[in-house]
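Student: This is the structure I have questions about; it appears just below.
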Ligand SMILES: Nc1ncnc2c1ncn2[C@@H]1O[C@H](COP(=O)(O)OP(=O)(O)OP(=O)(O)O)[C@@H](O)[C@H]1O
């Protein structure tokens, strides 16, 4: 378990961490998620010992490391832009930490072979970093960080510099790696999709504070506040409710919508004007304007539902939240 208690960190008069407490369970893959400047990296770097806290403590597996140097914290760290040793082969880069720890040669060879296999770089051991793609280089970075068997793996936007396709592949790969190696991992990301996809726990940060901690489903289904809800996906205001685009039903018949309201119960039916209909593969995004308030909102419906409704810009439809937010609406 990693425990951060009452952590504070200022840069000049800017408070980057404001009384942050967080527990990270053994073997979990926890994402620190938040907008730019929310303090994610500062928190990760404080766990690593690359930043000194002004107040508060960090313990790793019961050991208070608040004043312990980074190299004695038993952690592996991977940054967005990984500084590989350019003059060393992939193999030597991965072996580096083991060599400086003067481990026996056969042990190093075995370990490095295993790791290169795990990260899918088995055939690349004699290449130099410049001969690898961005995604391969980050996998090499992970192998290097894992080589010394750290208790904790800390990843600061490790896929941040890569294109969307490669990021997606690496996410799936990180998930598999974590299932195999099970080292307690903390991942900083500003990408909610990445956090929801890869992490088993998410801590949402905002302005140096933790807004909520939970598993992805919990955060998505029961966000603690408006900030968490909007940060985990786009939301619109429908009447008095904050609603996700998928949680809005549309019908041309107001009565039918009201009668067949199912679990939504008494959620209000709103008359709206269709502004735009955008086809996105299997789904259709309908941009609407509340006829009463003039407020814009977005509904995302299936292709089938959309074909049935034959929506055209200028049409009037009725909209209802199928899962209105339990949050108090803010004005
Ligand atoms: N060394 C520093 N000196 C001064 N201010 C800093 C320093 N490091 C971070 N900050 C400030 O502290 C705040 C939090 O930074 P941090 O890097 O932790 O945010 P973040 O959530 O990781 O954001 P990003 O996703 O942009 O990296 C930011 O406003 C940043 O400008």
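Residue numbers (the UniProt record's numbering): 1 to 331.
All C-beta atoms in this analysis are idealised placements derived from N, C-alpha and C, irrespective of residue type, glycine included.
If you're wondering where the values come from, they're calculated on a predicted model, not measured in any experiment.
#1: Under 8 Å, do residue 209 and residue 18 count as touching if we go by C-beta distance?
#2: For the region 137–151 and the region 64–84, state whether three or more C-beta atom pairs, one from each stretch, are separated by less than 8 Å.
#3: Please confirm if the region 302–316 is in contact with the region 272–279, defined as three or more CB-CB distances below 8 Å between the two stretches.
#4: Which of the three DSSP states, helix, strand or coil, is assigned to residue 46?
#5: Could you check whether the Cβ of residue 16 sits closer than 7 Å to any heavy atom belonging to ligand 1?
#6: Using a strict less-than 5 Å threshold between each residue's beta carbon and the heavy atoms of ligand 3, what residues do you get?
#7: Within a Cβ cutoff of 7 Å, which residues of the same chain sit near residue 311, ignoring the five residues on either side of it in sequence?
#8: Between which two residues does the alpha helix (DSSP H) containing residue 134 stretch?
#9: Helix, strand or coil: how does DSSP classify residue 297 here?
#10: Suppose you measure from the CA of residue 302 to the CA of residue 321; what does that come to, to the nearest Å?
#11: What three-state label does DSSP hand residue 94 in the structure shown?
#12: Of all the beta strand (DSSP E) runs that stay within the bounds of the region 199–244, which reach a length of 3 or more residues?
#13: Under 8 Å between the Cβ atoms of residue 111 and residue 164?
#14: Buried or exposed, going by whether 16 or more other CB atoms sit within 10 Å of the CB of residue 21?
#15: Considering only their Cβ atoms, is the gap separating residue 7 from residue 49 smaller than 8 Å?
#16: Let me confirm a value: residue 352 is counted as buried when at least 16 other C-beta atoms fall within 10 Å, else exposed. Which label applies?
#17: Does residue 281 come out as helix, strand or coil in the three-state DSSP assignment?
#18: Is residue 77 helix, strand or coil by DSSP?
#19: If we call anything under 8 Å between Cβ atoms a contact, is residue 239 one with residue 270?
#20: Just the Cα atoms here: how many angstroms apart are residue 119 and residue 157?
#21: Going by DSSP, what residues sit across from residue 270 in a beta bridge?
#22: Terminal residues of the continuous alpha helix (DSSP H) containing residue 18?
#23: To the nearest angstrom, how far is it from the Cα of residue 15 to the Cα of residue 45?
#24: Go through its chain and collect everything with a Cβ distance to residue 25's Cβ below 7 Å, but skip five positions before and after it.
#25: Just to confirm the assignment, what range does the beta strand (DSSP E) spanning residue 56 have?
#26: Per DSSP, what kind of secondary structure is residue 103 in: helix, strand or coil?
#27: Do residue 86 and residue 130 have their C-beta atoms within less than 8 Å of each other?
#28: Using a threshold of 8 Å, state whether the C-beta atoms of residue 309 and residue 200 are closer than that.
#29: Less than 8 Å separating the beta-carbons of residue 186 and residue 155?
Tutor: Taking the coordinates as given:
#1: yes
#2: Yes, since at least three Cβ pairs between the region 137–151 and the region 64–84 fall closer than 8 Å, the two stretches touch.
#3: yes
#4: Reduced to three states, the DSSP call for residue 46 is helix.
#5: yes
#6: Looking at this structure, you won't find ligand 3 anywhere; what it does contain is ligand 1.
#7: 274, 277, 286 and 317
#8: Segment 134–147, the alpha helix (DSSP H) holding residue 134.
#9: strand
#10: Each residue's Cα considered, the two are about 15 Å apart.
#11: helix
#12: Counting only runs of 3 or more residues that sit fully inside the region 199–244, the beta strand (DSSP E) segments are 201–206, 209–214, 236–238 and 241–243, in chain order.
#13: Contact: no.
#14: exposed
#15: no
#16: With the chain represented from 1 up to 331, any question about residue 352 goes unanswered, as that position is not in the structure.
#17: coil
#18: strand
#19: yes
#20: 18 Å
#21: 319
#22: Counting along the chain, residue 18 falls outside any alpha helix (DSSP H), though it belongs to the beta strand (DSSP E) covering 14–24.
#23: 15 Å
#24: 1
#25: 55–60
#26: DSSP places residue 103 in coil when its eight states are reduced to three.
#27: yes
#28: no
#29: yes
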